[in-house]
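Numbering (our numbering), first residue to last: 1059 to 1124.
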């Protein structure tokens, strides 16, 4: 089974910020953790990039809004 890397990207006053989210192989778990992180840090809108273990393998981008 393929492993993935999850990066939550959101915009701040001085540019974009990326945060790594744990998730491993389970996309739904990563989305839940991203939502919780956003709620804890007051972020209303962000995108979750799902990539394979090679950085050039972007699999999917999910927009998340609270």
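Beta carbons: idealized from backbone N, C-alpha and C, even for Gly.
These numbers come from a predicted model, not from an experiment.
Inset, instruction - With residue 1128 as the anchor, note down where its alpha helix (DSSP H) starts and where it stops. - result: No statement about residue 1128 is possible, as the shown extent of the chain runs from 1059 to 1124 and does not include it.
Legend entry - Beta-carbon separation (whole angstroms), residue 1067 vs residue 1105, contact threshold 8 Å: 5 Å
Inset, instruction - Figure out for me which residue from 1084, 1108, 1101, 1079 has the closest Cα to the Cα of residue 1071. - result: 1101
Inset, instruction - Verify whether the separation of the beta carbon atoms of residue 1061 and residue 1096 is less than 8 Å. - result: If you check the CB distance, residue 1061 and residue 1096 do not come in under 8 Å.
Inset, instruction - For residue 1063, count neighbouring Cβ atoms within 10 angstroms of its own Cβ and tell me buried if that reaches 16, exposed if not. - result: Residue 1063 is buried by the Cβ-count criterion.
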